[in-house]
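Asks:
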Amino acid sequence: MKNKIMSLSEIKTKLYKKEANVELPRHEWSEFDPVAVADSLFEKTEMPEDVWAEKNSELAEGNKKTIKIGMMIIGGIILSVALVVGFYKIRQSFFAEERLTVSVEGPTEIKSGNLATYEIKYKNDNRADLKNATLKIYYPEDFKPEENADFKIEGSMVGAFNLGDIKGYSEGRSVFNGRAYSPKGNLIKIKAELSYTPSTVSGMFVAGNQLTVNIISAPITLEIMAPQNISSQDEINYLITYKNEGTESFENIRIKVDYPERFTFSSSSPRSSESDNIWYIGNLSGGQSGKIIIAGKLEGNRDEIKTAKAMVGANNNGAFVSYNEESVQTKIVSSPLAISQTVNGLNNLNANAGDSLQFEINYKNEGDIGLRDVIVTERLDSPVLDYTTLEMNGGAYDTGSKIITWKAPDYKELKNLAPGQSGTIKFSIKVKNIIPIESANDKNFVISSLAKIDSPDVPTPISMNKIISGNKMDIKLNSKLVLDVKGYYEDSSISNSGPLPPKVSEETTYTMHFILSNISNNIEGAKVETTLPTSVAMTGKIFPEGSPLEYNERMNSIVWIVGNLEAGTGILSSKKEIAFQVRIKPSPDQAGNEAPLMNESVFSARDTFTGESISARMGGKTTNLLEDSNTGMKYKVTN
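Note that the numbering used here numbers the sequence shown so that position 338 is 338, with each residue one more than the last.
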């Protein structure tokens with residue numbers, strides 16, 4: 001019987017009415033019904049329950065093994081960590097770095113040069129002993145510790161105590177003394193480092209500490225004074241005073257000055273010991289004092305501040321260590337009057353004995369107003385000048401002050417120097433031929449010329465000195481070298497032989513002498529060079545034996561390597577001399593004439609004061625030896 005077909009409205013009514021029959025008729029299965037197809041597939045792939053049970057059992061067994069292995073690994077890790085922690089805790093109970101302390105105790109403020117005592121304390125709060133303990137003390141170069149039986153100085157800035165072993169739960173101390181030589185206000189640091197090896201641990205450990213010390217005063221007072229202001233290129237003098245205020249003596253004291261830029265050193269009293277800026281004072285006992293005056297020229301730009309610094313200290317392992325230092329400042333100011341000078345057309349030169357010096361002074365009003373009653377002066381003060389040769393065009397020279405003065409009667413434009421107006425003054429003077437040398441201090445001569453110009457119309461600034469324009473020029477004097485060449489047949493140093501007068505084709509020997517003097521400056525690299533005529537040769541005999549005399553037979557040249565010579569050689573000390581023998585075999589064409597023995601000789605060196613290469617020459621020598629009275633008229637070659 002076929003099912004009754006219901007309309008859509010009947011189906012809807014039946015579905016949504018109360019107590020509807022949920023078991024509605026089902027349509028036949030169709031391959032086009034997605035729900036039916038899905039259910040069919042699910043039924044086909046469904047596994048029996050016993051298969052799932054077997055699979056679950058296998059999975060549970062594997063999980064148990066994995067968990068067991070994991071638990072064993074975790075347990076091993078925990079055990080390892082526990083062992084490490086336990087070992088560390090046990091080791092820590094025997095040794096920990098922080099349980100070793102080091103401290104540095106002593107005065108934190110000291111006077112430079114006074115003895116100070118410092119104590120290094122160390123405390124070992126470990127159960128373990130500390131092996132091979134060494135306590136090193138580090139300090140600056142200007143701190144000088146005192147060495148004792150326990151404290152050994154290992155270098156310029158380190159010393160050490162050899163402590164050996166430090167027992168557990170023990171403490172100790174090491175004491176050392178020293179002096180700081182440092183300027184006031186300086187800070188120095190005393191550093192202690194204790195190195196050791198714990199008995200329970202391998203490896204080296206270090207513990208340390210340090211103390212900062214302030215220098216509150218210097219044992220040697222120092223002062224440097226200079227003008228507050230000057231014009232550029234003017235002369236400047238620095239006055240340095242020093243005194244040992246303490247009772248203890250200081251050894252090897254030096255004073256060093258750092259000059260400002262564009263300062264030119266001229267001279268000092270006393271003379272500098274090294275490089276124009278270092279003075280060797282030597283020992284300075286308690287209460288002893290002294291002073292140094294330095295003269296020079298200072299150049300700079302307008303309103304520029306120039307600083308000079310003086311230091312007193314000692315030399316330590318080749319380095320200067322300052323005990324105290326002071327500075328002074330000078331301001332460069334300008335003036336409406338400008339002045340400059342040249343000598344022999346140059347503004348920088350060195351002179352030689354006997355030179356003529358041609359001075360030219362140039363002045364100018366660079367201001368905006370005229371200047372009345374201008375005065376120009378030149379101060380010339382040097383023991384090497386020959387004032388009798390002074391030639392001036394007007395002006396007056398004062399022998400007491402060594403100052404030449406020019407005024408309006410000498411040069412009319414000086415009456416009223418208009419803005420932009422300039423002028424020139426000329427004069428000349430000679431250097432002495434013979435330089436006066438009486439003591440070891442008579443050396444390194446400088447001819448200082450200071451030109452100045454002034455007018456009452458130049459203003460004087462408030463709280464400042466009046467600015468008088470000046471120009472300073474320093475002319476250094478080269479040392480004078482003296483070479484004398486002598487020859488003898490009769491000679492006490494080397495005996496000679498052969499016919500006298502000399503004969504053609506026969507050998508006669510003579511002894512030649514080089515004699516040297518060096519007048520006013522130290523020289524270096526000195527040597528004497530000459531050549532011999534072809535008919536003359538050296539025999540090889542030299543006096544003193546072993547002297548550095550070189551002979552080149554092919555060139556027939558002779559070089560005497562002299563080296564260094566002090567100033568005053570030949571005046572304050574004996575002359576430098578060497579003798580050597582030559583032989584001559586005259587040729588027939590020389591018969592009836594005197595025969596040449598030596599060509600021109602040249603004595604050359606470098607002047608260490610002026611830096612110039614200087615020399616002296618001496619003409620050749622013949623058999624006519626006037627200095628040898630024994631030869632008489634026996635100098636012409638015979639047949």
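Ideal placement from N, C-alpha and C gives every residue a C-beta, glycine not left out. Because the structure is a prediction, the values reported are computed rather than measured.
Is it true that the CB of Trp279 sits closer than 8 Å to the CB of Ile293?
Replies: What you label residue 293 is simply residue 293 of the sequence shown in a count that begins at 1. What you label residue 279 is simply residue 279 of the sequence shown in a count that begins at 1. Against a cut-off of 8 Å, the Cβ pair of Trp279 and Ile293 comes out as no contact.
Asks: Would the region 546-557 and the region 476-493 be scored as touching if the rule is three or more Cβ pairs under 8 Å?
Replies: Taking 8 Å as the limit for Cβ pairs, the verdict is that the region 476-493 does not touch the region 546-557.
Asks: Looking only at C-alpha atoms, which of Ile578, Gly568, Ile571 and Asn209 sits nearest to Glu529?
Replies: Numbered from 1 along the sequence shown, position 529 holds the residue referred to as residue 529. Comparing Cα positions, the closest option is Ile578.
Asks: Give a yes or no on whether the minimum CB-CB distance between Thr388 and chain D is below 8 Å.
Replies: The structure shown contains no chain D, having only a single protein chain.
Asks: Within the chosen definition, does the region 298-313 reach the region 423-433 through at least 3 CB pairs nearer than 8 Å?
Replies: The region 298-313, when compared against the region 423-433, does not touch it at the 8 Å Cβ threshold.
Asks: For Thr631, which residues of its own chain have a beta-carbon under 6 Å away from its beta-carbon, when the five flanking residues on both sides are left out?
Replies: To locate residue 631, count along the sequence shown from 1; it is residue 631. Cβ neighbours of Thr631 beyond the five flanking positions: Tyr489 and Leu625.
Asks: Given a threshold of 16 other Cβ atoms within 10 Å of its Cβ, counted over all protein chains shown, does Thr399 qualify as buried or as exposed?
Replies: The sequence position of residue 399 within the sequence shown is 399, counting from 1. So Thr399 ends up on the exposed side.
Asks: May I have the straight-line CA-CA distance separating Pro436 from Gly570, to the nearest angstrom?
Replies: In the sequence shown, the residue the question calls residue 436 occupies position 436. In the sequence shown, the residue the question calls residue 570 occupies position 570. The alpha-carbon atoms of Pro436 and Gly570 are separated by roughly 13 Å.
Asks: Just grab the DSSP bridge partners of Arg583 for me.
Replies: Numbered from its first residue, the sequence shown carries residue 583 at position 583. Answer is Thr509 and Ala537, bridged to Arg583.
Asks: Who are Tyr139's beta bridge partners in DSSP?
Replies: Here the question's residue 139 lines up with position 139 in the sequence shown. Beta-bridge pairing links Tyr139 to no other residue.
Asks: For the beta strand (DSSP E) holding Lys415, just list the boundary residues, first then last.
Replies: Taking the sequence shown and counting its residues from 1, one reaches residue 415 at position 415. Per DSSP, Lys415 belongs to no beta strand (DSSP E) and is neither H nor E.
Asks: When the Cα atoms are used, what is the spatial distance from Ser629 to Gly563?
Replies: The sequence position of residue 629 within the sequence shown is 629, counting from 1. The sequence position of residue 563 within the sequence shown is 563, counting from 1. Each residue's Cα considered, the two are about 33 Å apart.
Asks: Is the separation between the beta-carbon of Ala451 and that of Ile339 shorter than 8 Å?
Replies: As a first step, residue 451 must be located in the sequence shown, where it is residue number 451. As a first step, residue 339 must be located in the sequence shown, where it is residue number 339. It is a contact, given that the beta carbons lie within the stated cut-off.
Asks: Provide the residue span of the beta strand (DSSP E) that contains Gln329, from first to last.
Replies: Translated into the one-based positions of the sequence shown, residue 329 becomes position 329. Residues Ala319 to Val333.
Asks: Name the residue from Thr638, Ala440, Val312 and Glu325 whose alpha carbon lies nearest to the alpha carbon of Glu640.
Replies: No information on residue 640 is available, as it lies outside the stretch 1 to 639 that the chain covers here.
Asks: Whose CA, out of Lys407, Asn496, Tyr196 and Thr388, lies closest to the CA of Ala396?
Replies: As a first step, residue 396 must be located in the sequence shown, where it is residue number 396. With distances taken between Cα atoms, Ala396 lies closest to Lys407.
Asks: For the beta strand (DSSP E) that Glu154 lies in, which residues bound it at each end?
Replies: Counting from one through the sequence shown, the residue named residue 154 turns up at place 154. Segment Phe151 to Gly155, the beta strand (DSSP E) holding Glu154.
Asks: Given a cut-off of 8 Å on the beta-carbon distance, is the pair Phe151 and Phe161 in contact?
Replies: Reading the sequence shown from its first residue, position 151 is the one you call residue 151. Reading the sequence shown from its first residue, position 161 is the one you call residue 161. It is a contact, given that the beta carbons lie within the stated cut-off.
Asks: If Ser267 and Val446 are in contact, beta carbons under 8 Å, what's the gap, nearest whole angstrom?
Replies: Along the sequence shown, read from residue 1 onward, the residue named residue 267 stands at position 267. Along the sequence shown, read from residue 1 onward, the residue named residue 446 stands at position 446. So it is a contact: roughly 5 Å between Cβ atoms.
Asks: Under the assumption that Phe359 contacts Leu390 (Cβ atoms under 8 Å), give the Cβ distance between them as a whole number of angstroms.
Replies: Residue mapping note: residue 359 aligns to position 359 of the sequence shown, counting from 1. Residue mapping note: residue 390 aligns to position 390 of the sequence shown, counting from 1. Actually they do not touch by this definition, with Cβ atoms about 10 Å apart.
Asks: Within this structure, are the beta carbons of Leu194 and Val102 separated by less than 8 Å?
Replies: Here residue 194 refers to the residue found at position 194 when the sequence shown is read from its first residue. Here residue 102 refers to the residue found at position 102 when the sequence shown is read from its first residue. In contact: Leu194 and Val102 (Cβ atoms closer than 8 Å).
Asks: Report the residue from Asp368, Gly203 and Glu109 whose alpha carbon sits nearest the alpha carbon of Leu211.
Replies: As a working note, residue 211 is residue 211 in the sequence shown. Comparing Cα-Cα distances from Leu211 to each of Asp368, Gly203 and Glu109, the minimum goes to Glu109.
Asks: Closest to Phe250 by CA distance: which of Ile188, Gly423, Leu163 and Arg179 is it?
Replies: Position 250 of the sequence shown, counting from 1, holds the residue named residue 250. Nearest of Ile188, Gly423, Leu163 and Arg179 to Phe250, Cα basis: Arg179.
Asks: For Asn124 versus Leu163, is the C-beta spacing smaller than 8 Å?
Replies: Within the sequence shown, numbered from 1, the residue matching residue 124 stands at position 124. Within the sequence shown, numbered from 1, the residue matching residue 163 stands at position 163. Contact flag unset, no.
Asks: Mind checking which residues open and close the beta strand (DSSP E) that includes Glu617?
Replies: In the sequence shown, residue 617 corresponds to position 617, counting from 1. For the sequence presented, residue 617 should be read as Arg rather than Glu. It spans Ser613 to Met618 - the beta strand (DSSP E) in which Arg617 sits, taken as one unbroken run.
Asks: Here's the rule I'm using: 16 or more other beta-carbon atoms within 10 Å means buried, otherwise exposed. How should Met225 be labelled?
Replies: By 1-based counting over the sequence shown, the position of residue 225 is 225. Answer is exposed; the Cβ neighbour count stays below 16.
Asks: Which term fits Phe320, buried or exposed, when burial requires 16 or more other beta carbons within 10 angstroms of its beta carbon?
Replies: If you number the sequence shown from 1, residue 320 lands on position 320. Its Cβ having fewer than 16 others within 10 Å, Phe320 is exposed.
Asks: For Ser493, which three-state DSSP category applies?
Replies: Taking the first residue of the sequence shown as position 1, residue 493 is located at position 493. In this structure, Ser493 counts as coil in the three-state DSSP scheme.
Asks: Quick one: using the 10 Å Cβ neighbour count with 16 as the cut-off for buried, is Lys621 buried or exposed?
Replies: Residue numbering aside, residue 621 sits at position 621 when the sequence shown is read from its first letter. Buried.
Asks: Alpha carbon to alpha carbon, what distance is there between Ile137 and Asn209?
Replies: The count along the sequence shown starts at 1 and reaches residue 209 at position 209. The count along the sequence shown starts at 1 and reaches residue 137 at position 137. Going by the C-alpha atoms only, they are around 10 Å apart.
Asks: Going by DSSP in three states, Lys306 sits in which element: helix, strand or coil?
Replies: Locating residue 306 in the sequence shown gives position 306, where the first residue counts as 1. Of the three classes helix, strand and coil, the one that applies to Lys306 here is strand, per DSSP.
Asks: Alpha carbon to alpha carbon, how far is Pro544 from Asn362?
Replies: Position 544 of the sequence shown holds residue 544. Position 362 of the sequence shown holds residue 362. The alpha-carbon atoms of Pro544 and Asn362 are separated by roughly 57 Å.
Asks: Roughly how many angstroms lie between the CA atoms of Asp491 and Ser497, to the nearest whole one?
Replies: As a working note, residue 491 is residue 491 in the sequence shown. As a working note, residue 497 is residue 497 in the sequence shown. When rounded, the distance between both Cα atoms is 11 Å.
Asks: Does the distance from the CB of Ser217 to the CB of Lys184 come in under 8 Å?
Replies: Within the sequence shown, numbered from 1, the residue matching residue 217 stands at position 217. Within the sequence shown, numbered from 1, the residue matching residue 184 stands at position 184. In this structure, Lys184 lies closer than 8 Å to Ser217 by Cβ.
Asks: Can you tell me whether Arg254 is helix, strand or coil according to DSSP?
Replies: Residue 254 sits at position 254 when you count from the first residue of the sequence shown. Residue state, collapsed to three classes: strand.
Asks: Grab me the residues of Lys636's own chain with a C-beta within less than 7 Å of its C-beta, minus the 5 sequence neighbours each way, in chain order.
Replies: Start at 1 with the first residue of the sequence shown, and residue 636 comes out as number 636. Pro501, Gly592, Asn593 and Glu594, listed in sequence order.
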